[in-house]
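This report refers to the structure that appears directly beneath it.
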Ligand SMILES: Cc1cc2nc3c(=O)[nH]c(=O)nc-3n(C[C@H](O)[C@H](O)[C@H](O)COP(=O)(O)OP(=O)(O)OC[C@H]3O[C@@H](n4cnc5c(N)ncnc54)[C@H](O)[C@@H]3O)c2cc1C
């Protein structure tokens, strides 16, 4: 780890200031991704701006037609929240299946979304549920937020403050783990809402999380496991690595989608 | 040596003494040790698999804050790290033994090869400086594949090793084997890959070199399974420091699995550098570094053929193996695919003729050496896959085929055609017990039930033997070992009757502090808590060869028995003197000496006190004191064996294999602590399941980069990957050591992989899959099902 300046602002406004003020400052949230990167000297920020002391970034509340989760809310809290379990149990389930206990205690939803790891779980929920990402500057629709591997619509110095999830009729998340990392080799989040069915896939796409339109169509017509199983997904834009070929991932997507449809509540 | 019913004696599941220390964080590991004035070492390692070092510029780095010294290959003026075992090729020529300097002179040969040693006031400063070293490399083509290493056109790792061949060795009677094949009724052939594994002990390696200018003494603290062996190899061969000026301490060590047997060049580097900079120098590996510097395991590619007669009797076996040595020869690397592998090819069967060829190759990868089981898991996997395939092909029931060929219970001692003589065993019983415990007979009902749930269920078996208790010095010496493999133990009875035990073996998870205390307490009749076991320091322990090859109890425990025999003999004479009797009339039982046919007795403690306060003592016949040392050199290897049965369930939609049930019935000779035995089997079986289903140390064929350099990609088995394991023993005694113990450290890892894969293939049989390579990951299982399906469709 190289030397860096450390800031611990108490408000979003001060955090924005701290980020803007120094050369190459980075936000640190739960540190689960950033700290290993620093230790391996793969990133060498001039300053770290720690969001942990900012009370307005924490917590879960029912809001309008859904729920709002503060950016600094750790996965363990989402997993255990009665508000989340009541409105979107699939989201609580997803949070409960991220990493291990230590990771869930420290890792945050804001950090996960800002990082946009192609194998992370939350992006699939945000995209399938049509959530809105609130930042220090604006609101961003899920469909506009994810822009490729480790890339999002966030601008320099922009801070995620919260995520608003509309309540679906039913939803489920099926995670097929990559055996070593236990991130998603393929993760499928299925959400059935008044506007239709949305299916978001993580772990598989060369460009990160994506909506599986062919499955959405089939399920909008007939929300049943068999309808999902009948869909063939093209392997062309999918990831091939040690743990799974593109063809394997393409095969798993409808299989997991069918399981999610069966489990949806 | 019978089970005495003593609650802390032989045969009792005594809780481990060492666990309080470990579980409360009070162990002292090498990295916990801080020597006064200690500086920190960082090793700059090669990012390339194969490259020429054109230039190393350290000027900028040397000027960085906190830098104590920087050394490169040009500065290093001592010897290379030696190999401890020499193999001769078929043509009688010795193996090619390239030099292995702790710092590369002009070429790097694997990712992680050592380029510079940077010593700083802090580790961070050393690391900063390492980043400022400018190394100019000229990249060269690399070879990593075991199968392709000796092919024309492959990149050459060493100029002296033509076609990257280290040796081309053979064992057995080729003519007899050819003749048997010529008259065979059926021949079964198989190609087997035993993939490379990364050992992953919980504690990464660490070493501290310390030099005392006043006395000229060196001390090395290191994460080793065998400190005396390190003293010998490093002192005599690398740094030329005589034994009396070199102390090696291996304090608490957090697991080894073989990877901490070897003398590593980092140990020599910090010891050498400590004298140069006149300060203690500490190096601690991190996990990423461990993946590119700890010796790795397995990596054999084999073809095997089994000849059978019309009744299914095995007539002959021939095997041809290529074994990957990596870029350098690690300490015991050459013996793993040869004398620890090929000599086991008879297995538990009466196969009368066997011929094995082993070609060892160099590649641009981390060195490969012994890893839990070392050679025996490779052989067992090959043999049990082959026997299983033979059963499928001939239509003979797979259990029957094994029974038909087992060495009969009354055939011991049994001479195999591949050099070993098994002393004892009872393969029929371990098989029968395992079949019963696993409910083999009820399996088809479970398969049918799983089928209803859309799952493919399979059951697999492995009946195995291994040779451990390493080893008779004369035998291994004749086979190329450059050291003896006896063990040493000392018993120091203190004046008050408490006992310190000094053993040359080393405990790094095995629980010796408990097992050996049970053995000594029971034998001498002193309370368990009055016995302390000491190990891991060449200044405390008279001598030792260390812990590997499941030898600690069979060889090290036997040395303690011999030392206790001497203690009892001397104490008997002291007791006789005290009781005014003839020593011939004195008996020793339950910690008391008595005169036969009288009520005269003296307790052990009183004898101990008399030995140290010899006021009333046979001083003209006996020296005072009560301390004895014994060296024990075994007469043969020991031969644990048994039967492992695994049941799996496969989800054909995803290819996921779940281990539903695992049964291990092992014959390990005398058991001192059944709980520790069970723990050893658990650990070994988990590693075996890891190899069968999860672990794979993979290199990129083009670049030679390690693809699985962290836990993001290297799949260690986790608790939820394994079921509750059913462990039982059915023991026949080792006939040639005083304990009757055979060893248990490796059996789990040896017997289990073929049981798992045979179960996977049994599950996949209905869908037409005939072969799969380890690890049988979900993607591989799914692909196998797909290609079997399309093959069927094409028919
Ligand atoms: C062992 C392990 C296993 C894991 N398994 C999983 C898994 O199964 N599934 C999964 O989805 N994830 C997994 N993760 C990732 C984990 O869930 C974290 O969510 C993730 O590491 C990022 O969250 P964090 O709070 O730790 O962010 P940090 O590491 O602190 O930050 C990550 C990045 O986001 C930026 N950032 C953080 N917060 C904000 C914000 N509010 N606004 C803008 N930018 C911000 C930081 O600057 C940094 O670039 C795993 C991690 C580990 C270490």
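Residue numbers (our numbering), protein chains in the order written: chain L, 208 to 472; chain C, 735 to 1529. Glycine included, each C-beta is placed from N, C-alpha and C at the ideal position.
When the options are compared against residue i, the one with the closest alpha-carbon
{"i": "residue 435/L", "options": "406/L, 348/L, 251/L, 416/L", "result": "406/L"}
{"i": "residue 699/C", "options": "1150/C, 1244/C, 1069/C, 1434/C", "result": "As displayed, chain C neither begins before 735 nor continues past 1529, which places residue 699/C out of reach and without an answer."}
{"i": "residue 237/L", "options": "255/L, 399/L, 438/L", "result": "255/L"}
{"i": "residue 412/L", "options": "325/L, 279/L, 246/L", "result": "325/L"}
{"i": "residue 1062/C", "options": "1294/C, 997/C, 1078/C", "result": "997/C"}
{"i": "residue 1344/C", "options": "1334/C, 1329/C, 1490/C, 1306/C", "result": "1306/C"}
{"i": "residue 901/C", "options": "971/C, 828/C, 859/C, 949/C", "result": "828/C"}
{"i": "residue 746/C", "options": "1502/C, 1493/C, 1411/C", "result": "1411/C"}
{"i": "residue 1219/C", "options": "789/C, 815/C, 782/C, 819/C", "result": "819/C"}
{"i": "residue 922/C", "options": "1038/C, 1173/C, 1507/C, 1379/C", "result": "1038/C"}
{"i": "residue 1017/C", "options": "765/C, 1357/C, 1292/C, 1314/C", "result": "765/C"}
{"i": "residue 991/C", "options": "1043/C, 1087/C, 1240/C", "result": "1240/C"}
{"i": "residue 387/L", "options": "1528/C, 1441/C, 1498/C", "result": "1441/C"}
{"i": "residue 431/L", "options": "414/L, 446/L, 462/L, 455/L", "result": "462/L"}
Below-7 Å beta-carbon distance, residue i vs any chain L residue
{"i": "residue 1516/C", "result": "yes"}
{"i": "residue 1448/C", "result": "yes"}
{"i": "residue 874/C", "result": "no"}
{"i": "residue 1078/C", "result": "no"}
{"i": "residue 1505/C", "result": "no"}
{"i": "residue 907/C", "result": "no"}
{"i": "residue 1513/C", "result": "yes"}
{"i": "residue 1441/C", "result": "yes"}
{"i": "residue 1524/C", "result": "no"}
{"i": "residue 1454/C", "result": "no"}
{"i": "residue 1387/C", "result": "yes"}
{"i": "residue 735/C", "result": "With a pLDDT of only 48 at residue 735/C, under 50, the local geometry of the prediction cannot be trusted, and the value read off the model is given with reservation. Residue 735/C does not count as touching chain L."}
Any chain C beta carbon closer than 7 Å to residue i
{"i": "residue 379/L", "result": "no"}
{"i": "residue 451/L", "result": "yes"}
{"i": "residue 386/L", "result": "yes"}
{"i": "residue 406/L", "result": "no"}
{"i": "residue 300/L", "result": "no"}
{"i": "residue 462/L", "result": "yes"}
{"i": "residue 480/L", "result": "The first residue shown for chain L is 208 and the last is 472, placing residue 480/L beyond what the model contains."}
Presumed contact (8 Å Cβ cut-off) between residue i and residue j, rounded CB distance
{"i": "residue 1237/C", "j": "residue 1278/C", "result": "7 Å"}
{"i": "residue 373/L", "j": "residue 273/L", "result": "4 Å"}
{"i": "residue 733/C", "j": "residue 1033/C", "result": "This structure cannot speak to residue 733/C, because chain C is shown only from 735 to 1529."}
{"i": "residue 1459/C", "j": "residue 1371/C", "result": "Contact flag wrong, Cβ pair sits at about 26 Å."}
{"i": "residue 1423/C", "j": "residue 1451/C", "result": "6 Å"}
{"i": "residue 1475/C", "j": "residue 1294/C", "result": "No, residue 1475/C and residue 1294/C are not in contact; Cβ-Cβ is about 12 Å, not under 8 Å."}
{"i": "residue 911/C", "j": "residue 1089/C", "result": "4 Å"}
Rounded C-alpha distance that separates residue i from residue j
{"i": "residue 881/C", "j": "residue 1524/C", "result": "28 Å"}
{"i": "residue 460/L", "j": "residue 1431/C", "result": "28 Å"}
{"i": "residue 1289/C", "j": "residue 1280/C", "result": "10 Å"}
{"i": "residue 315/L", "j": "residue 279/L", "result": "5 Å"}
{"i": "residue 1469/C", "j": "residue 1154/C", "result": "15 Å"}
{"i": "residue 391/L", "j": "residue 410/L", "result": "5 Å"}
{"i": "residue 735/C", "j": "residue 1500/C", "result": "Because the pLDDT of residue 735/C is 48, which lies under 50, any placement of that residue in the model is unreliable, and the number read from its coordinates should be weighed accordingly. Rounded to whole angstroms, residue 735/C to residue 1500/C spans 51 Å at the Cα level."}
{"i": "residue 397/L", "j": "residue 221/L", "result": "38 Å"}
{"i": "residue 417/L", "j": "residue 349/L", "result": "11 Å"}
{"i": "residue 1510/C", "j": "residue 891/C", "result": "31 Å"}
{"i": "residue 761/C", "j": "residue 988/C", "result": "9 Å"}
(request) Output the residues surrounding ligand 3, defined as those with a CB atom closer than 5 Å to any ligand heavy atom, in chain order. (result) With respect to ligand 3, the structure shown offers nothing to examine, as its ligands consist of ligand 1.
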